[in-house]
Amino acid sequence: MQWRSLVLGLLLLRLGLQALLALLPALAPGLCLRRRFPFPFQPPPAALGPHGGTGPGSSHWGSLLRRGGGGGGGAAGGDEYERRYSGAFPPQLRARLRDAARGMFVFGYDSYMQHAFPRDELDPLHCRGRGPDRHDPSNLNINDVLGNYSLTLIDALDTLAVMGNSSEFQKAVKLVIDTVSFDKDSTVQVFEATIRVLGSLLSAHIIITDTKQPFGDMTIKDYDNELLHMAHDLAVRLLPAFENTKTGIPYPRVNLKKGVPPDSNNETCTAGAGSLLVEFGILSRLLGDSTFEWVARRAVKALWNLRSNNTGLLGNVVNIQTGHWVGKQSGLGAGSDSFYEYLLKSYILFGEKEDLEMFNDAYRNIQNHLRRGREACNEGEGDPPLYVNVNMFTGQLMNTWIDSLQAFFPGLQVLIGDVEDAICLHAFYYAIWKRYGALPERYNWQLQAPDVPFYPLRPELVESTYLLYQATKNPFYLHVGMDILQSLEKYTKAKCGYATLHHVVEKTKEDRMESFFLSETCKYLYLLFDEENPVHKSGNKYMFTTEGHVVSVDERFRNSLWQDILPGEEDSAEKIKPNELKAVNFSSNCNRVPDERRYLLPLKSNYMRQIDRMVGLI
Numbered sequence: 012m013q014w015r016s017l018v019l020g021l022l023l024l025r026l027g028l029q030a031l032l033a034l035l036p037a038l039a040p041g042l043c044l045r046r047r048f049p050f051p052f053q054p055p056p057a058a059l060g061p062h063g064g065t066g067p068g069s070s071h072w073g074s075l076l077r078r079g080g081g082g083g084g085g086a087a088g089g090d091e092y093e094r095r096y097s098g099a100f101p102p103q104l105r106a107r108l109r110d111a112a113r114g115m116f117v118f119g120y121d122s123y124m125q126h127a128f129p130r131d132e133l134d135p136l137h138c139r140g141r142g143p144d145r146h147d148p149s150n151l152n153i154n155d156v157l158g159n160y161s162l163t164l165i166d167a168l169d170t171l172a173v174m175g176n177s178s179e180f181q182k183a184v185k186l187v188i189d190t191v192s193f194d195k196d197s198t199v200q201v202f203e204a205t206i207r208v209l210g211s212l213l214s215a216h217i218i219i220t221d222t223k224q225p226f227g228d229m230t231i232k233d234y235d236n237e238l239l240h241m242a243h244d245l246a247v248r249l250l251p252a253f254e255n256t257k258t259g260i261p262y263p264r265v266n267l268k269k270g271v272p273p274d275s276n277n278e279t280c281t282a283g284a285g286s287l288l289v290e291f292g293i294l295s296r297l298l299g300d301s302t303f304e305w306v307a308r309r310a311v312k313a314l315w316n317l318r319s320n321n322t323g324l325l326g327n328v329v330n331i332q333t334g335h336w337v338g339k340q341s342g343l344g345a346g347s348d349s350f351y352e353y354l355l356k357s358y359i360l361f362g363e364k365e366d367l368e369m370f371n372d373a374y375r376n377i378q379n380h381l382r383r384g385r386e387a388c389n390e391g392e393g394d395p396p397l398y399v400n401v402n403m404f405t406g407q408l409m410n411t412w413i414d415s416l417q418a419f420f421p422g423l424q425v426l427i428g429d430v431e432d433a434i435c436l437h438a439f440y441y442a443i444w445k446r447y448g449a450l451p452e453r454y455n456w457q458l459q460a461p462d463v464p465f466y467p468l469r470p471e472l473v474e475s476t477y478l479l480y481q482a483t484k485n486p487f488y489l490h491v492g493m494d495i496l497q498s499l500e501k502y503t504k505a506k507c508g509y510a511t512l513h514h515v516v517e518k519t520k521e522d523r524m525e526s527f528f529l530s531e532t533c534k535y536l537y538l539l540f541d542e543e544n545p546v547h548k549s550g551n552k553y554m555f556t557t558e559g560h561v562v563s564v565d566e567r568f569r570n571s572l573w574q575d576i577l578p579g580e581e582d583s584a585e586k587i588k589p590n591e592l593k594a595v596n597f598s599s600n601c602n603r604v605p606d607e608r609r610y611l612l613p614l615k616s617n618y619m620r621q622i623d624r625m626v627g628l629i
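Residue numbering for the sequence shown follows the numbering used here, starting at 12 and increasing by one per position.
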């Protein structure tokens with residue numbers, strides 16, 4: 012009897028301990044949250060439930076262990092994902108999707124030419140053109156971009172070439188030469204005019220003058236470098252933005268005829284001021300005139316020198332006269348995104364060692380302070396990697412939203428070789444797309460809901476999908492591209508083109524087709540499905556600008572006619588060889604994607620299911 016009582020007591024004790032362990036996550040949810048993040052992280056007070064825990068309807072982040080998540084997931088879920096995504100992608104389907112992407116571009120482009128040209132943009136619901144808002148100069152959403160210079164036509168030039176349409180490319184180039192002038196009383200944002208207009212003119216000029224003509228015969232009869240001269244004219248009109256600033260950081264806006272407006276704002280964003288180097292550098296090296304690259308480099312260095320001594324991070328809004336950070340948020344989205352992109356891409360094009368050094372330092376600081384989640388993408392316990400917005404001085408979380416522009420970052424990680432981390436971050440944005448059929452401009456990952464619900468046909472997720480496919484050749488990314496293409500056709504197609512989604516949940520439309528839809532979104536979708544495109548097969552090396560303009564990577568851009576870009580910095584022109592490019596991430600690189608995974612899911616099905624649960628898909 013005594014022996015039986017002892018066994019019964021031990022059994023009851025074991026059951027009691029199991030019950031206590033099961034209750035612990037519910038009694039102390041913060042413990043689970045802290046355990047699952049390798050970096051310090053606390054949810055904001057607004058996200059807490061009435062008893063201090065994460066209440067119903069708030070976040071799945073840090074709570075998956077309570078529900079069997081955290082790297083778990085049943086076999087049935089894994090089978091479901093493998094059935095849908097893994098295995099070869101039929102070449103006939105790929106060809107149809109390539110043609111569908113071309114058709115999407117053609118419908119948008121033809122609608123613009125028929126209903127909107129020579130105005131800047133197409134209103135696809137009312138089938139009419141749109142230009143600057145002369146009645147309301149404060150309407151920066153329109154006036155920063157539209158300069159009364161046939162923006163959509165210019166922005167689409169190299170997409171015509173990439174799709175092999177030589178006759179329309181030649182016709183469009185002649186139209187630009189004959190009808191476009193920058194001698195306009197238009198106040199535009201320096202950044203937008205640079206990436207959309209200057210970049211496209213340079214890209215088209217490079218395509219026209221390429222002796223190999225990989226895209227077909229894109230030459231223009233009697234061409235006399237007119238596009239290069241137009242690019243030079245525009246850049247000269249943008250130069251006043253760099254004058255009379257105590258820091259060397261440019262004013263955000265300039266009037267193309269009169270210079271910097273008298274009432275100009277002294278505050279600018281990091282991306283806007285620090286993402287001019289690729290286009291200005293190409294122009295300088297084609298012209299043999301260091302002026303443009305010099306002012307762009309000076310702005311980058313000025314911003315870089317204002318980074319926090321504590322974290323090494325930069326904020327998102329700065330006063331160009333005082334150097335004081337007005338916006339202290341450090342993130343990868345709006346206001347910051349292309350600054351980091353162009354540190355790396357400037358190195359790829361120009362080979363300047365300091366560009367790579369700055370990028371490596373920036374990437375290391377991003378990993379240290381912005382990255383949350385488990386250390387490895389495809390193994391271990393914990394939440395998937397996510398990059399959040401933090402205070403530039405302390406590294407503390409500032410909010411719980413991310414924006415759609417951040418979806419470019421997996422593509423940038425591909426270029427540096429951090430493919431595994433790129434796979435995880437891309438999967439998170441794709442899960443949001445699957446939920447809404449679009450990416451909301453701002454998504455609150457704590458509340459699992461859009462903070463800003465519109466989608467203006469942005470290309471960033473498509474761009475990262477394309478680059479990840481090029482890096483992995485995994486058919487999963489063709490399925491992603493197919494989903495995106497079908498969503499765009501279903502929800503954004505309008506009477507005359509494709510329209511911004513005013514609300515991603517309600518699927519209401521807004522009467523605007525931004526020029527980047529033709530220059531980027533359609534181009535990346537087309538290239539994703541066109542394996543035989545000259546971009547991939549010609550033997551040339553190409554890089555895409557932040558507006559998706561294709562630029563050949565060749566020696567002429569690695570040779571300058573001047574020695575010192577910045578006076579007094581003798582090492583500034585030191586070159587570094589392409590094979591010396593190294594990632595500074597701490598957990599992964601290209602070599603961690605083995606060949607045997609080519610036809611498997613890039614992200615294990617249990618982790619994919621975990622992400623889908625986190626955005627409310629399941």
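We treat Cβ as the ideally placed atom computed from N, Cα and C, and that holds for glycine.
Could you pull out every residue in the same chain whose Cβ sits closer than 7 Å to the Cβ of Trp315, ignoring the five residues on either side in sequence? Translated into the one-based positions of the sequence shown, residue 315 becomes position 304. Counting only Cβ-Cβ distances below 7 Å, and skipping sequence neighbours, we find Met369.
Counting Cβ pairs, one atom from each stretch, are 3 or more of them under 8 Å apart for the stretch 147 to 156 and the stretch 188 to 199? yes
Leu496 to Leu479, Cα distance in whole Å? The residue you call residue 496 lines up with position 485 of the sequence shown. The residue you call residue 479 lines up with position 468 of the sequence shown. Cα-Cα distance, rounded: 17 Å.
Measuring alpha carbon to alpha carbon, tell me which of Trp336, Pro470, Leu294 and Thr322 ends up nearest Ala313. Residue numbering aside, residue 313 sits at position 302 when the sequence shown is read from its first letter. Minimum Cα distance to Ala313 is reached at Trp336.
Label Leu407 either buried or exposed according to how many other C-beta atoms from any shown protein chain fall within 10 Å of its C-beta, with 16 as the threshold for buried. For the purposes of this step, residue 407 is taken as residue 396 along the sequence shown, with counting starting at 1. Sequence inspection shows Gln at residue 407; the Leu mentioned does not correspond to that position. When all chains shown are included, Gln407 counts as exposed.
In angstroms, rounded to a whole number, what distance separates the CA positions of Ala252 and Tyr262? If you number the sequence shown from 1, residue 252 lands on position 241. If you number the sequence shown from 1, residue 262 lands on position 251. Computed Cα separation, rounded: 5 Å.
Apart from the five residues on each side of it in sequence, which residues of its chain come closer than 8 Å, Cβ to Cβ, to Pro148? Numbered from its first residue, the sequence shown carries residue 148 at position 137. For Pro148, where only same-chain residues beyond five positions count, the Cβ hits under 8 Å are Asn154 and Thr198.
CB of Leu436 within 8 Å of CB of Gly492, strictly: Along the sequence shown, read from residue 1 onward, the residue named residue 436 stands at position 425. Along the sequence shown, read from residue 1 onward, the residue named residue 492 stands at position 481. For Leu436 and Gly492, no; Cβs fall outside 8 Å.
Selected residue, minimal CA-CA separation from Lys506, among Glu91, Val546, Val328 and Cys138: One-based indexing of the sequence shown puts residue 506 at position 495. Looking at the Cα atoms, Cys138 is the closest of the given residues.
Would you mind sorting Asp366 into buried or exposed? The rule is 16 or more other CB atoms within 10 Å of its CB. The residue you call residue 366 lines up with position 355 of the sequence shown. Looking at its Cβ environment, which holds 16 or more other Cβ atoms inside 10 Å, Asp366 is buried.
Name, in chain order, the residues that DSSP records as bridge partners for Phe555. For the purposes of this step, residue 555 is taken as the residue at position 544 of the sequence shown. Val561.
Beta-carbon contacts of Leu343 that lie in its chain and below 6 Å, excluding the five residues immediately before and after: Within the sequence shown, the letter at position 332 stands for residue 343. Once the five neighbours on either side are set aside, the close Cβ partners of Leu343 are Tyr398, Gln417 and Phe420.
Ala106 to Ser530, Cα distance in whole Å? In the sequence shown, counting from the first residue as 1, residue 106 sits at position 95. In the sequence shown, counting from the first residue as 1, residue 530 sits at position 519. Their backbone Cα atoms lie some 21 Å apart in a straight line.
Quick one, are the C-beta atoms of Gly178 and Gly508 less than 8 Å apart? By 1-based counting over the sequence shown, the position of residue 178 is 167. By 1-based counting over the sequence shown, the position of residue 508 is 497. In the sequence under discussion, the amino acid at residue 178 is Ser, which differs from the Gly named in the question. It is not a contact, given that the beta carbons lie outside the stated cut-off.
Under 8 Å, with one C-beta from each stretch per pair, do the stretch 532 to 552 and the stretch 514 to 524 reach the 3-pair mark? no
Can you grab the Cα-Cα spacing for the pair Gly60 / Gln378, in whole Å? Reading the sequence shown from its first residue, position 49 is the one you call residue 60. Reading the sequence shown from its first residue, position 367 is the one you call residue 378. Annotation note: pLDDT 32 at Gly60 (below 50); position unreliable, coordinate value reported separately. Gly60 and Gln378: Cα-Cα distance of roughly 30 Å.
Below 7 Å CB to CB, which residues in the same chain sit around Phe404 once its five sequence neighbours on both sides are set aside? If you number the sequence shown from 1, residue 404 lands on position 393. Closer than 7 Å at the Cβ level, and outside the excluded window around Phe404, lie Ser319, Asn321, Thr322 and Lys339.
Give every residue of the same chain whose Cβ lies closer than 8 Å to the Cβ of Leu538, excluding the five residues on either side of it in the sequence, and list them in chain order. Here residue 538 refers to the residue found at position 527 when the sequence shown is read from its first residue. These residues qualify, in order along the chain: Val173, Tyr477, Asn544, Val546 and His547.
Nearest residue (CA-CA) to Leu239, options Val289, Ile293 and Val561: Sequence index remark: in the sequence shown, residue 239 carries index 228 (1-based). Ranking Val289, Ile293 and Val561 by Cα distance to Leu239 puts Ile293 first.
Is the distance from the Cβ of Leu245 to the Cβ of Val306 below 8 Å? In the sequence shown, the residue the question calls residue 245 occupies position 234. In the sequence shown, the residue the question calls residue 306 occupies position 295. Not closer than 8 Å, so no.
To the nearest whole angstrom, what separates the beta carbons of Ser295 and Ser286, a pair I think is in contact under 8 Å? Here residue 295 is taken as the residue at index 284 of the sequence shown, counted from 1. Here residue 286 is taken as the residue at index 275 of the sequence shown, counted from 1. With a Cβ gap of about 16 Å, Ser295 and Ser286 do not count as contacting.
What number of angstroms, rounded off, separates the C-alpha of Leu298 from the C-alpha of Asn176? Within the sequence shown, residue 298 is the residue found at index 287, counting from 1. Within the sequence shown, residue 176 is the residue found at index 165, counting from 1. Cα to Cα, Leu298 sits roughly 28 Å from Asn176.
Alpha carbon to alpha carbon, what distance is there between Lys269 and Leu499? By 1-based counting over the sequence shown, the position of residue 499 is 488. By 1-based counting over the sequence shown, the position of residue 269 is 258. If I take the Cα positions, the gap works out to 40 Å.
Which of the three DSSP states is assigned to Lys445 in this structure? Here residue 445 refers to the residue found at position 434 when the sequence shown is read from its first residue. Note: Lys445 maps to helix in three-state DSSP.
State the beta-bridge partners of Lys504 as determined by DSSP. Counting from one through the sequence shown, the residue named residue 504 turns up at place 493. According to DSSP, which records beta bridges pairwise, Lys504 is partnered with Tyr509.
For Leu408, which beta-bridge partners are listed by DSSP? Translated into the one-based positions of the sequence shown, residue 408 becomes position 397. Per DSSP, Val401.
Tell me the residue span of the beta strand (DSSP E) that contains Arg264. What you label residue 264 is simply residue 253 of the sequence shown in a count that begins at 1. Segment Arg264 to Asn266, the beta strand (DSSP E) holding Arg264.
For Gly326 and Glu132, the rounded distance between their alpha carbons: Within the sequence shown, numbered from 1, the residue matching residue 132 stands at position 121. Within the sequence shown, numbered from 1, the residue matching residue 326 stands at position 315. Their Cα atoms are separated by approximately 32 Å.
Looking at C-beta atoms only, is the number of pairs between the stretch 556 to 573 and the stretch 212 to 221 that lie closer than 8 Å three or more? yes
Within 10 angstroms of its Cβ, does Ile629 collect 16 or more other Cβ (buried), or is it exposed? If you number the sequence shown from 1, residue 629 lands on position 618. So Ile629 counts as exposed.
What does DSSP give as the partner residue(s) for Asn255 in the beta ladder? Position 244 of the sequence shown, counting from 1, holds the residue named residue 255. Answer is none; Asn255 lacks a bridge partner.
Quick check: what's the CA-CA separation for Arg248 versus Ala284? Your numbering for residue 248 matches position 237 in the sequence shown. Your numbering for residue 284 matches position 273 in the sequence shown. Answer to the nearest angstrom: the Cα atoms are 16 Å apart.
Roughly how many angstroms separate the alpha carbons of Glu558 and Asp233, rounded to a whole number? Translated into positions along the sequence shown, residue 558 becomes position 547. Translated into positions along the sequence shown, residue 233 becomes position 222. Glu558 and Asp233: Cα-Cα distance of roughly 29 Å.
Who are His514's beta bridge partners in DSSP? Numbered from 1 along the sequence shown, position 503 holds the residue referred to as residue 514. DSSP lists Thr519 as partners of His514.
Pro461 (DSSP reduced to helix, strand or coil): In the sequence shown, the residue the question calls residue 461 occupies position 450. Of the three classes helix, strand and coil, the one that applies to Pro461 here is strand, per DSSP.
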